[in-house]
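K.L.:
What follows is a structure written as structure tokens; I'll ask about it next.
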Amino acid sequence: MWFPTTPSELSYVDSAPQRIANVVTIDATPERVFDLFATGERQEEWFQDFVACRWTSPEPHTVGTTREVQLKTLTVKERFLAWDRGQRLAFSIDGITLPIVKQMLEDLRFEPLDGGRRTRLVWHVFYTPALVMVPVHGAARAVFSHMFRRSAEKLQRFAEHNP
């Protein structure tokens with residue numbers, strides 16, 4: 112069963128009441144790191160609790176593209192807001208199967224280091240908790256912060272071993 116969320120635009124990053132940030136340096140080019148996110152390549156190996164990804168828009172994938180990402184505990188509908196290869200990837204969560212957020216946006220920046228041979232990945236999750244989550248927000252935030260942190264660390268290792 113799908114629960115609607117408030118669709119986000121990029122400006123939501125300036126007004127979101129909650130944010131989770133992860134920054135990692137990866138020994139891979141910004142284009143390679145971007146492609147791992149954009150294509151979902153072997154995502155089950157690096158994204159914590161990942162189960163499956165189903166594209167709901169035809170190729171080529173770009174701004175406006177949609178997909179569904181299934182995790183162990185929930186599934187989300189993603190709509191891409193930014194698709195700048197090697198620079199930025201952002202998407203709105205436009206539906207969710209567990210009503211834990213009212214609004215959510217993920218914003219990933221790929222900053223070149225060492226002449227573009229390495230990448231500083233800045234991965235932000237902006238969100239508004241659903242009203243039913245407010246009493247347990249602290250615990251839920253800890254769980255999801257851990258999931259995103261572990262995913263960033265696993266992506267770092269995966270990209271370095273799979274150039």
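Residue numbers (the numbering used here): 112 to 274. Cβ atoms here follow ideal geometry from the backbone N, Cα and C, with glycine treated the same way.
1) Rounded to whole angstroms, what is the Cα-Cα separation between residue 270 and residue 130?
2) Could you pull the start and end residues of the alpha helix (DSSP H) that residue 206 belongs to?
3) Please report the straight-line C-alpha distance between residue 239 and residue 144, rounded to a whole angstrom.
4) How far does the alpha helix (DSSP H) with residue 265 in it reach, from first residue to last?
5) For the stretch 149-203, which segments carrying the beta strand (DSSP E) assignment without a break, of at least 3 residues, lie completely within its bounds, in sequence order?
6) Return the chain-ordered list of same chain residues with a C-beta closer than 8 Å to the C-beta of residue 265, the five sequence neighbours on each side being excluded.
P.N.:
By the coordinates alone:
1) Counting only the Cα atoms, residue 130 lies some 25 Å from residue 270.
2) Going by DSSP, residue 206 is part of no alpha helix (DSSP H) but of the beta strand (DSSP E) stretching over 199-207.
3) Looking at the backbone, the Cα of residue 239 and that of residue 144 are separated by about 27 Å.
4) For residue 265, the enclosing alpha helix (DSSP H) has its first and last residue at 248-272.
5) Here the runs fully enclosed are 161-166, 177-182, 186-195.
6) These residues qualify, in order along the chain: 156, 157, 158, 159.
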